[in-house]
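For reference, the structure is listed below as C-alpha cells.
Numbering (our numbering), first residue to last: 796 to 1257.
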C-alpha cells in the first residue's frame, strides 16, 4: 500500500477517512482505558507509589509534548505525516507490551520505577505521533463539520470507555477478592491487552488518506515564533495553560483520595468515573451543536462554571459520616464534572484548530500542546510534593482543614475560576454572550419536557 500523500482528496476519500478516524479513536480509547486512569493508579499504588510518583505518572502524558518540536522537523523534512504518525505510534506501543509481559517473564515482576520509565517512552512516541496526527486531521476533516464530527467521535469513544471500564473493574475486584496474590499480575496484563488494541489502530492509520501538506519555507525557529506573535492565539495559549494547571493540581489525586482516604473499591471508583462519562456522552452532542452554531468560547465559559462548582463540592465529601450522603454527593459531582469536561475538551480542541491558520497548523497546535505539557506536568508534580509534605504534617494540617485534600480541591476551583478571565480576551468569530446560549438551552429543554406528554399520549392512543 502506497503511503504517499494525495494532492487533492475526493469526497469519497474524505468520507472514508472520517470513518477510519472514528474507528481509530475506538481502538486508541480501548488502549487508554486499559493502560491509564483508575487501573494505572491502582497498579501504581499496589507497587508502593508515593503521591509524588502518582503526580509524575499523571504528568508524563502531557510533559512529553515538549518533544513535539522534533515531530515538526520530521514533517518538514519528509512531508509525509502519515508515515511519521504510523512509525511513532508503533514505537509507542512497544513499552506497553514489555510492561504486560514482565510479571510472566521475570519472577520479581515490575517496580514503580520500571513502570514510570517504560511509560515515559510510551508517552514520548505517542506525543510525536500526536503532533503530526493533529496537522493531518486539520487538512483532512471539513471545517464546517468539525464540531459535530468530534462530538460524535467523542460520544462513541465514551460509550466504549464506560462499557469497558465497568467490565474490567468488576474483573479486577473479583481477582482482588478471590485471588489477591494475582492482583498485580492482572493489572499488568491489562497493558498487554491494551497494546493489542493500540497495535490495531496502526492498520486503520495506514489506510486513512492524507492530503498533501503545504510545507513552509521558513526555518523551524522562525515558524515556532509565529504563534507567539499572533496576539489572539497567544491569549488562547495563556488561558489553556492556566486552565490546565488549575485542573491538574487536584484531578490526578481524586482517584487516590477515593481509594485510600475514602476506602472505596476499584469498582465503585470506576462507577463514579462512568457516571461522569455517561453525563458527558449525553451532553457532548449538545455542546458540539452549540459550538458550531455560536462559538467554542461561549461553551467553555458555561462549562467552566459547572466545573468550578463540582470541584468546590469535593471539599464537602468528608463532612458527613453518612455513606449514602457521600455516595449521592460523589454522584452529583461526577455528573457535573462529566457535563463540564465534555464541553470544555471538545471546544478547546476545536478552538485551537479554528484559530490555527492552515499553512502553519502543525506549529500552532504543537505550541498549544507544549503549553499544555508544561502546565499539566508542573501542576500534579507540585500537587504530589505538597500532598507528601502534608501527609507528614497531618496534626498541623488537621487544625486548619478537615482533610489534607480539601486544600487541593478549593485551590483548584479558585485557580480555574480565575483562569476564565483570560479566555474572555480571546476573539472568536460567531461568539455570543453566555446568557443568550443559556437562554436557548433552557427553552430547548422546556420544549422537550412539554413534548414528552404529547408523545406518550399518541403512543397510548395507538
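Note that the Cβ used here is the ideal one computed from N, Cα and C, for glycine as well.
If you're wondering where the values come from, they're calculated on a predicted model, not measured in any experiment.
When the options are compared against residue i, the one with the closest alpha-carbon
i, options, result
"residue 1220", "931, 1171, 1032, 804", "1032"
"residue 1071", "1134, 1046, 940", "1134"
"residue 853", "1094, 1179, 1215, 1214", "1179"
"residue 1172", "849, 816, 803", "849"
"residue 795", "872, 1089, 926", "This structure cannot speak to residue 795, because the chain is shown only from 796 to 1257."
"residue 1128", "1145, 1154, 1100, 867", "1100"
"residue 878", "837, 835, 928", "928"
"residue 797", "952, 1151, 1003", "1003"
"residue 816", "933, 990, 912, 1041", "933"
Environment of residue i [buried if 16+ CB atoms lie within 10 Å]
i, result
"residue 917", "buried"
"residue 843", "exposed"
"residue 806", "exposed"
"residue 888", "buried"
"residue 1052", "buried"
"residue 1082", "buried"
"residue 1117", "exposed"
"residue 949", "buried"
"residue 1184", "exposed"
"residue 846", "buried"
"residue 759", "Nothing in the structure corresponds to residue 759, since the chain is present only between 796 and 1257."
"residue 1058", "exposed"
"residue 1145", "buried"
"residue 938", "exposed"
"residue 1161", "buried"
"residue 1191", "Only weak support exists for where residue 1191 lies, its pLDDT of 48 falling under 50; the coordinates are left without a value."
"residue 1018", "buried"
"residue 1174", "buried"
"residue 1152", "exposed"
"residue 814", "exposed"
Sub-8 Å separation of residue i and residue j beta-carbons
i, j, result
"residue 799", "residue 875", "yes"
"residue 882", "residue 995", "no"
"residue 1156", "residue 943", "no"
"residue 1027", "residue 1222", "yes"
"residue 801", "residue 978", "no"
"residue 946", "residue 880", "no"
"residue 906", "residue 894", "no"
"residue 1203", "residue 1045", "yes"
"residue 1142", "residue 1095", "yes"
"residue 1149", "residue 1201", "no"
"residue 915", "residue 886", "no"
"residue 983", "residue 898", "yes"
"residue 1154", "residue 1009", "yes"
"residue 1069", "residue 961", "yes"
"residue 1102", "residue 1132", "yes"
"residue 873", "residue 1022", "no"
"residue 1126", "residue 833", "no"
"residue 778", "residue 1182", "Outside the shown range of the chain (796 to 1257) lies residue 778, about which nothing can therefore be said."
"residue 1169", "residue 851", "no"
"residue 967", "residue 980", "no"
"residue 836", "residue 1112", "no"
Residue i, DSSP secondary structure in three states
i, result
"residue 975", "helix"
"residue 801", "strand"
"residue 890", "helix"
"residue 937", "coil"
"residue 1006", "strand"
"residue 1057", "coil"
"residue 1025", "coil"
"residue 842", "coil"
"residue 1082", "helix"
"residue 837", "helix"
"residue 1200", "coil"
"residue 818", "helix"
"residue 808", "helix"
"residue 1138", "helix"
"residue 1191", "Unreliable positioning characterises residue 1191 in this predicted model, as indicated by a pLDDT of 48, which lies under 50. A coordinate reading is not provided."
"residue 1100", "helix"
"residue 925", "helix"
"residue 1094", "helix"
"residue 1223", "coil"
"residue 1105", "helix"
"residue 832", "helix"
"residue 1047", "helix"
"residue 905", "coil"
"residue 1114", "coil"
"residue 1019", "helix"
"residue 1151", "coil"
Any non-hydrogen atom of the ligand GTP within 7 Å of residue i CB
i, result
"residue 858", "Questions concerning the ligand GTP fall outside what the structure shown contains, since it holds no ligand whatsoever."
Count Cβ pairs between the segment 1162-1170 and the segment 856-863 that sit closer than 8 Å; are there 3 or more? Enough Cβ pairs lie closer than 8 Å, so yes.
contact_flag[the segment 939-959, the segment 822-833] where n(CB pairs < 8 Å) is 3 or more: yes
Contact between the segment 1102-1109 and the segment 1199-1207: three or more CB pairs below 8 Å? yes
Counting pairs of beta carbons, one from the segment 1136-1149 and one from the segment 1065-1080, are three or more of them closer than 8 Å? yes
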